[in-house]
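In UniProt numbering, the protein residues as written are 5 to 488.
C-beta: ideal position from N, C-alpha, C; glycine also.
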Ligand code: BG6
């Protein structure tokens with residue numbers, strides 16, 4: 005369904021995120037007929053470019069980043085007609101703003117305007133101040149904030165205050181692209197539309213939960229950012245805690261944004277703090293050393309960086325949610341760069357059948373929610389092994405692949421989210437109090453790690469992680485799901 009005409013103004017338009025993710029996402033939505041002809045995408049950045057030069061860059065990016073099934077030269081040219089560029093340093097209050105004001109003034113005043121901040125988060129407040137001073141915030145304006153919202157509670161508060169001074173909370177869209185992933189949203193469908201699943205969704209039946217987001221890539225060209233962030237801030241504070249919220253929340257009253265956000269927030273607030281000695285026993289941090297990834301030699305993190313560093317590229321936390329539903333169920337949250345596989349998934353392991361009837365012990369049932377790649381759900385069951393007359397068991401897997409149909413790739417998570425901001429639907433964006441609760445929970449771990457209160461482990465690039473990650477699960481009699 006087509007959205008209303010909009011002007012999307014991207015700050016940081018020459019950057020990697022815009023080129024790799026945002027522009028291809030807009031193109032795909034135009035291709036599927038959701039972007040009206042009047043819509044405009046106005047890039048801004050400090051780099052002095054004229055429109056033609058920017059359009060050339062966008063064309064190049066689309067050719068490079070769009071899958072070939074959807075690349076259509078004439079559609080690309082049509083798309084480029086909607087693209088404009090204004091050279092502008094958003095943090096300075098100079099006359100550059102007149103250029104942006106002039107472009108925006110050609111649209112009717114009630115045109116939906118989305119300001120997308122794909123710049124360094126500490127600049128968000130200053131950009132908002134200038135938008136306000138230049139009278140560019142209309143009642144139909146909203147703002148999308150890229151992560152990271154701060155590096156701790158205090159900096160997050162400063163950013164939220166800076167933006168909140170000029171935009172009301174319901175016009176602020178804090179993006180977490182994991183919430184735009186189909187299978188992440190499907191956690192809600194899977195749980196609350198299937199009584200056979202929700203009926204066993206508690207500590208009575210569930211033994212443990214693993215939430216993993218692992219990547220084969222290293223820090224690529226982002227070392228400057230990544231080295232000040234690390235795996236815990238980069239992935240767990242936001243993406244993994246959001247997934248945890250959906251997996252563990254109570255059923256919201258409805259799918260209205262505040263109901264879903266309240267339910268996720270309640271989970272974050274019920275996380276047992278990891279403080280003092282617990283940081284040593286409940287967390288693992290590690291850096292990759294040289295190894296082989298996909299059959300090719302890969303350097304270690306410190307070699308890539310060329311300097312010593314205390315930044316983790318792997319993080320694992322054993323979390324507990326102190327509610328009756330989740331009493332004593334460990335949630336293992338883990339993320340890794342330069343891992344053996346690229347995989348994001350949730351693995352729910354159930355308690356083992358309390359029986360000694362069979363000559364082979366039954367496996368624990370497990371439900372795997374595959375976020376990527378191969379979006380789908382697997383249920384691991386025990387069945388009688390037909391190869392023997394004796395009553396032995398074997399594992400059998402029910403596999404539901406989610407398919408788009410027509411051989412098309414799954415839409416990128418940004419596609420949906422970019423247009424949700426135009427629609428004004430914040431359900432898949434993070435509310436301010438969620439960001440704050442997430443920082444509050446991980447902050448003691450960040451602090452203890454920065455004071456080296458838990459050792460920095462190592463793992464070879466291309467492996468599944470440090471050996472301590474295996475030991476930590478073994479303490480509870482658990483092990484990592486076999487595919488990871
Ligand atoms: C980003 C992180 O938020 O998510 C990156 O900053 C990471 O470091 C990326 O690579 C992973 O996203 P996805 O969708 O590929 O799992």
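Span of the beta strand (DSSP E), counted from its first residue to its last, around residue i
i, result
"residue 388", "380-388"
"residue 174", "Note, residue 174: premise wrong, no beta strand (DSSP E); not H, not E."
"residue 88", "87-91"
"residue 116", "116-121"
"residue 212", "210-218"
"residue 291", "287-293"
"residue 470", "Careful: residue 470 lies outside any beta strand (DSSP E) and carries neither H nor E."
"residue 351", "347-354"
"residue 303", "Per DSSP, residue 303 belongs to no beta strand (DSSP E) and is neither H nor E."
"residue 335", "335-340"
"residue 374", "370-376"
Alpha carbon of residue i to alpha carbon of residue j, nearest angstrom
i, j, result
"residue 135", "residue 142", "10 Å"
"residue 431", "residue 425", "10 Å"
"residue 417", "residue 395", "46 Å"
"residue 480", "residue 472", "13 Å"
"residue 79", "residue 61", "16 Å"
"residue 106", "residue 28", "26 Å"
"residue 297", "residue 117", "44 Å"
"residue 488", "residue 372", "Here the model assigns residue 488 a pLDDT of 46, short of 50, so the residue's position is not dependable, and the following value carries that caveat. C-alpha separation (whole angstroms): 12 Å."
"residue 254", "residue 429", "21 Å"
"residue 405", "residue 261", "28 Å"
"residue 267", "residue 252", "9 Å"
"residue 4", "residue 358", "Since the displayed the chain opens at 5 and closes at 488, residue 4 lies outside it and no answer follows."
"residue 39", "residue 198", "34 Å"
"residue 247", "residue 274", "15 Å"
"residue 24", "residue 69", "6 Å"
"residue 16", "residue 120", "9 Å"
"residue 64", "residue 71", "13 Å"
"residue 259", "residue 407", "24 Å"
"residue 476", "residue 316", "17 Å"
"residue 335", "residue 214", "6 Å"
Per DSSP, cross-strand counterpart(s) of residue i
i, result
"residue 44", "11"
"residue 403", "382"
"residue 325", "275"
"residue 147", "119, 176"
"residue 161", "DSSP output for residue 161 lists no bridge partner at all."
"residue 433", "179"
"residue 319", "289, 339"
"residue 463", "292"
"residue 524", "Given that the chain is displayed from residue 5 to residue 488, the structure contains no residue 524 and the question cannot be resolved."
"residue 49", "91"
Proximal residues to residue i (C-beta, below 8 Å), its chain only, five neighbours per side dropped
i, result
"residue 332", "207, 324"
"residue 269", "249, 435, 437, 438, 441"
"residue 66", "27, 28, 31, 75, 80, 83"
"residue 276", "323, 324, 325, 326"
"residue 160", "153, 154, 439, 440, 443"
"residue 163", "125, 126, 128, 129, 149, 153, 154"
"residue 2", "Residue 2 lies beyond the residue range present for the chain, which begins at 5 and ends at 488; the question has no answer from this structure."
"residue 460", "289, 290, 291, 314, 316"
Residue range of the alpha helix (DSSP H) that includes residue i
i, result
"residue 58", "55-69"
"residue 444", "436-454"
"residue 189", "186-196"
"residue 84", "77-84"
"residue 131", "128-137"
"residue 105", "100-109"
"residue 199", "199-202"
"residue 24", "That residue, residue 24, is in no alpha helix (DSSP H); it is neither H nor E in DSSP."
"residue 233", "227-233"
"residue 236", "Residue 236 -> no alpha helix (DSSP H), and no H or E assigned at all."
Neighbourhood of residue i by C-beta distance below 6 Å, restricted to the same chain and skipping five residues each side
i, result
"residue 18", "49, 51"
"residue 242", "151, 180"
"residue 494", "This structure cannot speak to residue 494, because the chain is shown only from 5 to 488."
"residue 223", "230"
"residue 353", "211, 212, 368, 370"
Beta-carbon proximity list for residue i, same chain, < 7 Å, skipping 5 on both sides
i, result
"residue 467", "295, 344"
"residue 202", "195, 196"
"residue 257", "263"
"residue 97", "134, 137"
"residue 86", "43, 44, 45"
beta-carbon residue i near the ligand GDP non-hydrogen atom, thresh 7 Å
i, result
"residue 348", "The ligand GDP is not among the ligands present in this structure, which contains only the ligand BG6."
8 Å Cβ cutoff, residue i in contact with chain D
i, result
"residue 153", "Absent from the structure is chain D; it holds one protein chain and no more."
message: Contact between the segment 225-234 and the segment 368-379 is defined here as three or more beta-carbon pairs at a separation below 8 Å; is this criterion met?
response: no
task: Would you check if the segment 164-183 and the segment 122-132 touch, i.e. whether three or more CB-CB distances between them fall below 8 Å?
output: yes
- request: For the segment 281-290 and the segment 188-203, state whether three or more C-beta atom pairs, one from each stretch, are separated by less than 8 Å.
  value: No: the two stretches stay apart, fewer than three of their Cβ pairs being nearer than 8 Å.
message: Across the segment 396-404 and the segment 7-15, are there enough close Cβ pairs to call them in contact, namely three or more that are closer than 8 Å?
response: No: fewer than three Cβ pairs fall under 8 Å.
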